[in-house]
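First up is the structure itself, then whatever we jot down about it.
Number of protein chains: 2
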Amino acid sequence: MPVTSSRTTLIEVAKLAGTSKTSVSRFFGPERERLTPKLQTRIAEAANTLGYQPNLMARGLKGGGSRLLGMLVADIRNPFSVAVVHGVEQAARASGYSLIVCNTDNDPKQEQQHLRLLSAYQVEGLIINASGQPEAQLQAIRRSGVPLVLLDRDIHQLDAAVIGLDNALAIDMALEHLMEQGYRSILYASESPDYASARQERLQRFTQQTATLGINGQTLILNNALDHTQTLNAFARRSVSAPGAVLCANGNITLTMTRIFQKQGIAIGPTGLMGIDELAWCELITPGITTLAQPTNDIGQAAVSCLLNQLNGLAQTSPTRHRHAPRLQVRGSTTP
Amino acid sequence: MPVTSSRTTLIEVAKLAGTSKTSVSRFFGPERERLTPKLQTRIAEAANTLGYQPNLMARGLKGGGSRLLGMLVADIRNPFSVAVVHGVEQAARASGYSLIVCNTDNDPKQEQQHLRLLSAYQVEGLIINASGQPEAQLQAIRRSGVPLVLLDRDIHQLDAAVIGLDNALAIDMALEHLMEQGYRSILYASESPDYASARQERLQRFTQQTATLGINGQTLILNNALDHTQTLNAFARRSVSAPGAVLCANGNITLTMTRIFQKQGIAIGPTGLMGIDELAWCELITPGITTLAQPTNDIGQAAVSCLLNQLNGLAQTSPTRHRHAPRLQVRGSTTP
DNA sequence: AACCAAAATGGGAACGTTCCCAGTTTGTTT
DNA sequence: AAACAAACTGGGAACGTTCCCATTTTGGTT
Numbered sequence: 272m273p274v275t276s277s278r279t280t281l282i283e284v285a286k287l288a289g290t291s292k293t294s295v296s297r298f299f300g301p302e303r304e305r306l307t308p309k310l311q312t313r314i315a316e317a318a319n320t321l322g323y324q325p326n327l328m329a330r331g332l333k334g335g336g337s338r339l340l341g342m343l344v345a346d347i348r349n350p351f352s353v354a355v356v357h358g359v360e361q362a363a364r365a366s367g368y369s370l371i372v373c374n375t376d377n378d379p380k381q382e383q384q385h386l387r388l389l390s391a392y393q394v395e396g397l398i399i400n401a402s403g404q405p406e407a408q409l410q411a412i413r414r415s416g417v418p419l420v421l422l423d424r425d426i427h428q429l430d431a432a433v434i435g436l437d438n439a440l441a442i443d444m445a446l447e448h449l450m451e452q453g454y455r456s457i458l459y460a461s462e463s464p465d466y467a468s469a470r471q472e473r474l475q476r477f478t479q480q481t482a483t484l485g486i487n488g489q490t491l492i493l494n495n496a497l498d499h500t501q502t503l504n505a506f507a508r509r510s511v512s513a514p515g516a517v518l519c520a521n522g523n524i525t526l527t528m529t530r531i532f533q534k535q536g537i538a539i540g541p542t543g544l545m546g547i548d549e550l551a552w553c554e555l556i557t558p559g560i561t562t563l564a565q566p567t568n569d570i571g572q573a574a575v576s577c578l579l580n581q582l583n584g585l586a587q588t589s590p591t592r593h594r595h596a597p598r599l600q601v602r603g604s605t606t607p
Numbered sequence: 272m273p274v275t276s277s278r279t280t281l282i283e284v285a286k287l288a289g290t291s292k293t294s295v296s297r298f299f300g301p302e303r304e305r306l307t308p309k310l311q312t313r314i315a316e317a318a319n320t321l322g323y324q325p326n327l328m329a330r331g332l333k334g335g336g337s338r339l340l341g342m343l344v345a346d347i348r349n350p351f352s353v354a355v356v357h358g359v360e361q362a363a364r365a366s367g368y369s370l371i372v373c374n375t376d377n378d379p380k381q382e383q384q385h386l387r388l389l390s391a392y393q394v395e396g397l398i399i400n401a402s403g404q405p406e407a408q409l410q411a412i413r414r415s416g417v418p419l420v421l422l423d424r425d426i427h428q429l430d431a432a433v434i435g436l437d438n439a440l441a442i443d444m445a446l447e448h449l450m451e452q453g454y455r456s457i458l459y460a461s462e463s464p465d466y467a468s469a470r471q472e473r474l475q476r477f478t479q480q481t482a483t484l485g486i487n488g489q490t491l492i493l494n495n496a497l498d499h500t501q502t503l504n505a506f507a508r509r510s511v512s513a514p515g516a517v518l519c520a521n522g523n524i525t526l527t528m529t530r531i532f533q534k535q536g537i538a539i540g541p542t543g544l545m546g547i548d549e550l551a552w553c554e555l556i557t558p559g560i561t562t563l564a565q566p567t568n569d570i571g572q573a574a575v576s577c578l579l580n581q582l583n584g585l586a587q588t589s590p591t592r593h594r595h596a597p598r599l600q601v602r603g604s605t606t607p
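Residue numbers (our numbering), protein chains in the order written: chain A, 272 to 607; chain B, 272 to 607.
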């Protein structure tokens, strides 16, 4: 049977220390310095012998703030997301906040549910990597005074700060690198850009820039229902005369494409391969896959500090966009 | 300026619906059925127009239970951990619980801090993948009536359930597979087993079984300060006469070893390579790396259901060990 | 129609904390 | 030594909910 010796409370500590609950409360809050050193040690001792832990639920209830931030992640199994979570967590802890992470598995239904949950826990700020477009819900949350930050994906009709990669710059850097290396036609592979603004931005920049610069560019929108092996094979065959490269819109695509290259025996390098998002294995695939690494730590920290600014009333006049530059990691896969 | 229109409460809903707070409380709790259908719809309407969200802090305070589970992860950037987190999250949600995940980055200091935090949030159960050996703290938590489950790593002098891979079986399966494939000497590569029981169990089983079965086995304890390239080169040279294989204790080691193989030009297959933990890229490294995949979903679910059993007083008479069998994924790296 | 059990509803205390304000002590100035 | 300001301490209400128990309503029997 569980011992259910209920948790010790503020009042018990106060009793043992021979003081009032107010003083004990002060001791554990930001006003500790107002207490006499003598009283401080007395409280510290009492709390120690009783093993007292403040009950954050009670604190959160009485207006004291929950000291919690909430984070919604579209796909926790994506290494990029994990890296950002890691950055956010560190930044949050450094500012005395804790983080509740919820994973939506790219399901708008779960996203709704989790948003309800997070606001029920009275989080003081929300970092959102959206799966769907829950404008209505988010607008309601914002109206209730909870600051929001969007991560990587914008949401229409919601004027919140968006933090993420500088997508246009990333595409430009990729194109520049690939052209420099001597590739003369580029196939851009992406998932359906319908519901993720970052995908849209990248795709749009790609078509725009290839047109402007007169580069021979094609796009391939991946679709689970179809087999893209044929397309890739054809592209690779054409590479023999004029070298072509495949540019992958994100880490997942890089994985998919690498699989196809290997299964079809397409040589990496002669047909170029490059991806947005850095992954642990990119250096291991012979001859190494060139990537644009996202500065995940910076992104995580920017998200938190943006939130804290809003919390402290230093809100920007208008919702800002933080665009972070990628880092080019050159490897053998982009040498024809 | 923030609108700070404070959240609507139970009482406002009750007022609008022309009923009492008790009834509204019942509506949102497990006793909804006790209410007249007419009352139910009236409350539902009122709650809807006001956009009411129950305040879980208040609920948690008044003994109602926080409906929160806490999870401590030693390294969130380890794909294995993420996969387990995913399983735990799904199982928790299915039972109406939410999950706070804290990452300790393998730092006992952070572990302590996070444990304090989690118990301050009144979590109803704790799933712990330990970094250090915080027996004292965990014992205190257990005494206060919060059920515990250990994940992958045991903690001395704490009689809690441990859930994880069947390490002995995993080693046995690996040895059997490697011998069958014709390897005649095996190098077991692991990180220091000092503070992780799973590593100890695997290492111990390896030395024991190689001795018992008369297999030529060596162990290599990785150490950041040293360069193990020499050892590997020597091992590979000997493989020419009698084929040898490297068995990696976990996913990280597999990554490290693969790097060394590639940098040193050691052929994978002639010198075997096999790892515990399945990773996305293992099939991509030519000729594919053989692995023992952990059943991460099963492990996550087992952890949650073990916790819920304890919560419902169905506590096992003695702390149990759940050992889950791995799945052998054969690829080209173990064909001499 | 009167009665009674069962079901439905509501009032109030309690959960553990913070914060306001009042009361007490300390220290400095005349 | 008196007076006053400043620093420190403490009592009580409030936060939004749940749960106990009392009260009211319902519906079935005699």
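Idealized CB from N, CA, C, for every residue including glycine.
In the structure shown, Gly331(B) falls within a helical segment according to DSSP collapsed to helix, strand and coil.
Annotation: the continuous beta strand (DSSP E) that includes Ile457(A) extends over 456–461. With contacts defined as CB atoms closer than 8 Å, Pro566(B) and His593(B) fail to qualify as a contacting pair. Counting C-beta atoms within 10 angstroms of its own C-beta, Asn495(B) has fewer than 16 neighbours from the protein chains shown and is therefore classed as exposed. Contact annotation, Met545(B) with Ser604(B): C-beta distance approximately 7 Å; criterion of less than 8 Å satisfied. Residue ranges of uninterrupted beta strand (DSSP E) with 3 or more members, entirely inside the region 354–406 of chain B and ordered along the chain, are 369–374, 396–399.
Counting only Cβ-Cβ distances below 7 Å, Leu332(B) has contacts in chain A at Met328, Ala329, Leu332, in chain order.
Val511(B) carries a coil assignment under DSSP once its states are collapsed to helix, strand and coil.
Two segments are said to touch when three or more pairs of C-beta atoms, one from each, lie closer than 8 Å; by this definition the region 365–381 of chain B touches the region 345–352 of chain B.
Contact annotation for Val420(A) against chain B: no contact, minimum CB-CB distance about 15 Å [criterion: below 9 Å]. Interface annotation, Pro325(B): in contact with chain A, CB-CB separation under 8 Å.
The beta carbon of Ser390(A) falls within 8 Å of a beta carbon belonging to chain B, placing the residue at that interface.
The DSSP assignment places 468–484, 500–510, 522–535 as complete runs of the alpha helix (DSSP H) inside the region 466–544 of chain A, in order along the chain (cut-off: 4 residues). A straight line joining the alpha-carbon of His385(A) with that of Val344(A) spans about 10 Å.
Considering only Thr527(B), Leu550(B), Met328(B), Gln381(B), the residue with the shortest C-alpha distance to Ala354(B) is Leu550(B). In the three-state reduction of the DSSP assignment, Gly571(A) falls in the helix class.
When DSSP states are grouped into helix, strand and coil, Arg594(B) belongs to the strand group. Taking the Cα positions, Asp430(B) is about 25 Å away from Ser366(B). In this structure, Leu389(A) is the residue among Gly416(A), Leu389(A), Tyr454(A), Ile442(A) with its C-alpha nearest to the C-alpha of Gly341(A). Here DSSP, grouped into helix, strand and coil, assigns Ala411(A) to helix. At least one beta carbon of chain A lies nearer than 8 Å to the beta carbon of Asn374(B). Of all residues in the region 343–368 of chain B, only Ile347, Arg348, Pro350, Val353, Ala354, Val356, His357, Glu360, Gln361, Arg364 place a beta-carbon less than 9 Å from a beta-carbon of chain A. Here Val344(A) is bridged, per DSSP, to Asn374(A). Assignment of Ile314(B) by DSSP, reduced to helix, strand and coil, places it in the helix class.
Judged by beta-carbon spacing, Val420(B) lies within the 8 Å limit of Ile434(B), meaning their Cβ atoms are closer than that value.
In the three-state scheme derived from DSSP, where H, G and I count as helix and E and B as strand, Leu449(B) is classed as helix. DSSP lists Arg598(A) as the beta-bridge partner residues of Ala564(A). By the criterion of a C-beta distance shorter than 8 Å, Ala363(A) is surrounded in its chain by Leu340, Ser369, Leu370, Val575, once the five residues flanking it on both sides are discounted. Within chain B, Gln324 have C-beta atoms less than 9 Å from the C-beta of Arg387(A), given in sequence order. Contact check for Arg476(A) against Asn438(A) passes: the beta carbons are separated by less than 8 Å. Comparing C-alpha distances from Thr280(A) to each of Pro301(A), Ala315(A), Gly322(A), Pro308(A) shows the shortest one belongs to Gly322(A). Taking the C-beta atoms as reference points, Leu449(B) is found no nearer than 8 Å to Pro464(B). Under DSSP, Ile434(A) takes part in a beta bridge, and its partners are Leu422(A), His593(A). Closest in C-alpha terms to Ile282(A), from the list Leu491(A), Ala318(A), Ser510(A), comes Ala318(A). Between Leu599(A) and Leu563(A) a beta carbon distance of about 6 Å is seen, short of the 8 Å cut, so the two are scored as contacting. When C-alpha distances from Gly416(A) are compared across Asn583(A), Tyr454(A), Cys519(A), Pro607(A), the shortest belongs to Asn583(A).
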